[in-house]
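Protein chains in written order, with the numbering used here: chain A, 1056 to 1486; chain B, 4 to 278.
What follows is the structure, given as structure tokens:
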């Protein structure tokens, strides 16, 4: 039976500093997929990296107890790629196998494992990871089916529960904070640095509070223009972001930059110009865009993605009922997938039994028919049909028994017995 | 039977109910509790005012000749100013601070030993009454500014420290708290300024010169300068938010020292009012 392994680190197990270090770029994801492809011990696999998690999902060729199913090899690869000693990140990892791995994947795709339960972006990110793996060619029958199942679970959770409501999202948490800082958001201006999906969502929320003005700064000015047009705002050059600070009140940053896009000194300098009027930074980028020391400046507040968690957790608890329902969907999907997996394991045995019986019947039938040359062509065909029918009926009940998987029985035991009864594992048949 | 004293006891009783109500409101956040607490405060203030009117009639002047009377007057001023700010800003949670302070003032006033003092005939006239009423009202407003400042610092600490906690949901936005504190400071400062001016005019008519370098006068000027500096810094250097809140607390501490500490420890011609 194929084993499914999932190795990962997320906001639940690793602090933001470590997640920043572990975060894979698209190029690194492709390098990791090449590693999976080259590694003779891994049959199928995909790599999933977002701002809050890194996950390796794979199916080893053979379950090897000594090497714990290639876990060490994967850890060594991460260590080499990220130039991090294994000891530094290993304690923050989780390793799930089989049902736990499937359940975890379903929960991730359905956004039940996200920092903000119900955030819609995660499904898109899972799909992207799958597409990349598909392109590189590291997926097969099993992962294809598993991933498609995870998409359908996520879709069902989104449609049939209130988990995806706006109330439970990172942007909502940020808006709630903004309300506790500013008396009237309608008189405030917002600057969006970068053009991530989550940032867009936050701006959309702010739009519902009718903020006065929206300014978009992006490395690619064309993208800034497009986004600004979408929000009826104003686009500025990325280099202008510091000077724009004098005129805006809320800054939402979500660039892919590896360094801070705004430093403490820049903000300190601008505070005098803006008469120490309050500034609120929402940093939803990982690695972080906004220097956390900015929070120490008077009348300036910086919240990064981890900081928003506290507020979000309150909202999550309000959605506990929805989560329970969503988890039921996950469990149902897991059972369905497990059934399919078990069937998958039974199929080769059934095929082998069928093949063996057909071979025996054909051999004996031809031997007998060789001495009965007086029979007409129709009679020969009738005898052939009869022997096939006898064989088919003889194995019908055992096959039905093997197909009837589930019911908490140990299928592998019955498969083993069946293979021994029919002597299926000896390649050279001598009937 | 000392009717004014009984009325003061009644007023204190209502103030205590109001304080208990506001503390309940702090935990349960039910509007009905807050309205009851505000109602009790209103009844307490009316009864209190009636007591002071009776006392004034009996004394032939405002009852501010002893420390007990001064504290009682401060309590009434604070109650009146809180009701005014409540009407204007509806910052309900400020009631926890205001009613607690009023109750402490009134309990101290009731339990202080009574000092028999004949009213001095020199303390009369429109400028004297104006001086007293304006100073007490101004200080009450500045006390409320301090309260709003404290609430600001509590909320700011939660947001800055990224652990919103108990007060996060219960307090309004920082902007709003800053606006309330600032309005209280400007109103209080204006009242204090007029109070000092009327005091100067009264001093001229009573003692022949405007300024006598009395310790209380010097400290009052100091407190006035602190608030003047705060307003100046706010207008021209953008001192707002945290700095403004801290200054409002410091300013009020100086005012308390000017009101009580100077009389107790440093003497001066206002000393007689706090015996």
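We put the beta carbon where it would ideally sit given N, CA and C, even for glycine.
Any chain B beta carbon closer than 8 Å to residue i
i                      : result
residue 1232 (chain A) : yes
residue 1244 (chain A) : no
residue 1222 (chain A) : Bear in mind that a pLDDT of 45 at residue 1222 (chain A), under 50, signals an unreliable position, so the model cannot answer this.
residue 1366 (chain A) : yes
residue 1107 (chain A) : no
residue 1315 (chain A) : no
residue 1356 (chain A) : yes
residue 1331 (chain A) : yes
residue 1362 (chain A) : yes
residue 1238 (chain A) : yes
residue 1353 (chain A) : yes
residue 1268 (chain A) : no
residue 1235 (chain A) : yes
Residues bridged to residue i [DSSP beta-bridge criterion]
i                      : result
residue 1268 (chain A) : A:1244
residue 1289 (chain A) : A:1270
residue 1085 (chain A) : Per DSSP, none; premise fails for residue 1085 (chain A).
residue 1453 (chain A) : Bridge partners of residue 1453 (chain A): none, in fact.
residue 1064 (chain A) : A:1109
residue 1102 (chain A) : A:1111
residue 1355 (chain A) : A:1334
residue 1091 (chain A) : Paired residues: none, contrary to the question.
For residue j and residue i, the rounded distance between their alpha carbons
i                      : j                      : result
residue 218 (chain B)  : residue 265 (chain B)  : 7 Å
residue 1163 (chain A) : residue 1105 (chain A) : 11 Å
residue 1067 (chain A) : residue 1144 (chain A) : 13 Å
residue 1157 (chain A) : residue 1364 (chain A) : 25 Å
residue 1229 (chain A) : residue 197 (chain B)  : 45 Å
residue 1153 (chain A) : residue 1131 (chain A) : 22 Å
residue 1385 (chain A) : residue 1080 (chain A) : 29 Å
residue 1221 (chain A) : residue 1185 (chain A) : Note that residue 1221 (chain A) scores a pLDDT of 41, beneath 50, so its modelled location is shaky and nothing firm can be said.
residue 1398 (chain A) : residue 1409 (chain A) : 16 Å
residue 213 (chain B)  : residue 134 (chain B)  : 13 Å
residue 95 (chain B)   : residue 1175 (chain A) : 38 Å
residue 1063 (chain A) : residue 1113 (chain A) : 11 Å
residue 1243 (chain A) : residue 1347 (chain A) : 23 Å
residue 1196 (chain A) : residue 1150 (chain A) : 22 Å
residue 1201 (chain A) : residue 1065 (chain A) : 21 Å
residue 175 (chain B)  : residue 1321 (chain A) : 30 Å
residue 1323 (chain A) : residue 1305 (chain A) : 16 Å
residue 27 (chain B)   : residue 21 (chain B)   : 10 Å
residue 97 (chain B)   : residue 256 (chain B)  : 18 Å
is_contact[residue i, chain A] using C-beta, thresh 8 Å
i                     : result
residue 158 (chain B) : yes
residue 166 (chain B) : yes
residue 179 (chain B) : yes
residue 162 (chain B) : yes
residue 244 (chain B) : yes
residue 171 (chain B) : yes
residue 223 (chain B) : no
residue 176 (chain B) : yes
residue 150 (chain B) : no
residue 231 (chain B) : no
CB-CB length for residue i against residue j, believed under 8 Å
i                      : j                      : result
residue 1297 (chain A) : residue 1325 (chain A) : 7 Å
residue 1405 (chain A) : residue 1366 (chain A) : Not a contact, Cβ separation roughly 55 Å.
residue 1136 (chain A) : residue 1086 (chain A) : 7 Å
residue 1198 (chain A) : residue 1099 (chain A) : 4 Å
residue 1266 (chain A) : residue 1247 (chain A) : Their Cβ separation, rounded to whole angstroms, is 11 Å, which puts residue 1266 (chain A) and residue 1247 (chain A) out of contact at 8 Å.
residue 1345 (chain A) : residue 1357 (chain A) : 5 Å
residue 1166 (chain A) : residue 1342 (chain A) : About 22 Å separates the two Cβ atoms, so there is no contact after all.
residue 74 (chain B)   : residue 137 (chain B)  : Not a contact, Cβ separation roughly 18 Å.
Residue i beta carbon near the ligand ZN (any heavy atom closer than 7 Å)
i                      : result
residue 1173 (chain A) : As for the ligand ZN, it is missing from this structure, which has no ligand bound.
Subject >> Touching by the beta-carbon criterion (3+ pairs, under 8 Å), the region 142-153 of chain B and the region 180-188 of chain B >> reply: yes
Subject >> Segment contact flag, the region 14-24 of chain B with the region 1447-1461 of chain A, C-beta cutoff 8 Å, min 3 pairs >> reply: no
Subject >> Contact between the region 1064-1078 of chain A and the region 1102-1110 of chain A (3+ Cβ pairs under 8 Å) >> reply: yes
Original post:
Can at least three beta-carbon pairs, one atom from the region 1415-1424 of chain A and one from the region 1440-1458 of chain A, be found at a separation below 8 Å?
Top reply: yes
Original post:
Is the region 198-206 of chain B touching the region 125-139 of chain B in the sense that three or more CB pairs, one from each, lie closer than 8 Å?
Top reply: yes
Subject >> Contact the region 1375-1389 of chain A vs the region 1205-1219 of chain A: 3+ CB pairs below 8 Å >> reply: yes
Subject >> Contact between the region 59-79 of chain B and the region 30-40 of chain B (3+ Cβ pairs under 8 Å) >> reply: no
Original post:
How about the region 241-248 of chain B and the region 1341-1358 of chain A: do they share at least three Cβ pairs that are nearer than 8 Å?
Top reply: yes
**OP:** Please confirm if the region 1231-1251 of chain A is in contact with the region 1177-1188 of chain A, defined as three or more CB-CB distances below 8 Å between the two stretches.
**Re:** no
**OP:** Count the C-beta pairs between the region 108-116 of chain B and the region 153-170 of chain B that are closer than 8 Å, then say yes if the count reaches three, no if not.
**Re:** no
Original post:
Any chance the region 233-242 of chain B sits against the region 160-175 of chain B, with 3 or more Cβ pairs inside 8 Å?
Top reply: no
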